[in-house]
Amino acid sequence: MKLSNPLLNALLFCLPSYFRKRIIRGGIPHFQTNLEGVTFCEASSIEDYISCFKLLHDVYVDAGFIQPASPPLRIIPHHSNSESRVFMGCLTDDPSEKTLIYTASLFPDNEQEGLPMDIGFKRQVDELRDQGRRLVEAGCLASHPLYRRGNKNIPMLGNRMLMLYAINTIGADDLLITTHPKYLKIYEDILLFEKIGEISSFSYVNNNPAVALRLDLKTVYQRVKEVYDKKPIEKNLHHFFFNSGSTSIDLSLEEEKEKAERYYGADMIKRVMLYSSTHC
């Protein structure tokens, strides 16, 4: 059963919640934690950052989320936060060249810049802040169109990387995200996010509609276990996210950053813009 089938999606929205979730979860494909020739990692060079920001720009322009820019890079103010991180998924069949097929960013909350979603959902985010929760937003997600359709394994591995990084490295309490309403049921019914807000026009994505979602990282392990642990191993997302290793995800650079020259925040953006002025 293909979850992306438009007619199926339309019918699923009409079903009661219990039956809809049962059908969607039963149609989950076999997500592999190890994909030959694909590596997910943190961006580690100016060239990496430019590749990520260009893919993001091109995908968002095609989707109608932003207007074309010059240089053709999608960089948001929150990338200037020194704690923000940019991630990438690459084809690595050819050792001499890596082809970017996926990118995403994580933005930890702070008092100066806040979060990107504050533009449309500040009241909902402030409610979580008032509870003293450590928040991080996943955003700037994009997959190369040639590797997007028919292969949900790549974005799902990206989800795994982002969630575990938010838990283990940032120590976040909640992972927040905004998405188009057409993807709402994937996040709610499969990934167990909770909707916290919805607006019909979100300036952050060219006035497209948007929903805001929250994943409680303090309870997600147990919640995913309760929903998926009795399912066959190939449909068991608890095993996929928490109980299996992944040779496709390599975050070793985070532990080795003292050994390598790395760029973050405003310094990274300055170097990217300088480089792009002569190379893009």
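Once you know that position 240 of the sequence shown is 240 in the UniProt record's numbering, the rest is easy, because the numbers rise by one and skip nothing.
We treat Cβ as the ideally placed atom computed from N, Cα and C, and that holds for glycine.
Quantities reported herein were computed from a predicted structural model and do not represent experimental measurements.
- Around the beta carbon of residue 174, 16 or more other beta carbons sit within 10 angstroms, so the residue counts as buried.
- In the structure shown, the three-state DSSP call for residue 80 is helix.
- A direct Cα-to-Cα measurement between residue 92 and residue 105 gives close to 21 Å.
- In the same chain as residue 228, and ignoring 5 residues on each side of it, the C-beta atoms closer than 6 Å to its own belong to 236, 237, 238, in chain order.
- The residue from 88, 94, 31, 138 with its alpha-carbon nearest to that of residue 109 is 138.
- Residue 168 is classed as exposed because its beta carbon has fewer than 16 other beta carbons within 10 Å across all chains shown.
- Residues 20, 21, 24, 25 of the same chain have their beta carbon placed closer than 8 Å to that of residue 189, with the five preceding and five following residues left out of the count.
- DSSP, read as helix, strand or coil, puts residue 127 in helix.
- Residue range 46 to 63 is occupied by the alpha helix (DSSP H) that includes residue 56.
- Between the beta-carbon of residue 135 and that of residue 159 there is about 18 Å, and that puts the pair past the 8 Å contact cut.
- Residue 69 holds the alpha-carbon nearest to the alpha-carbon of residue 54 among 45, 42, 69.
- The Cβ-Cβ distance between residue 57 and residue 269 does not fall below 7 Å.
- Partner residues in the beta bridge of residue 104, as assigned by DSSP, are 87.
- Residue 43 carries a coil assignment under DSSP once its states are collapsed to helix, strand and coil.
- Membership of residue 69 in any alpha helix (DSSP H) is not indicated, and neither H nor E is assigned to it by DSSP.
- Partner residues in the beta bridge of residue 215, as assigned by DSSP, are 175.
- Residue 82 and residue 266 have their C-alpha atoms some 7 Å from each other.
- Judged by DSSP secondary structure, residue 136 falls within the beta strand (DSSP E) whose first and last residues are 135 to 143.
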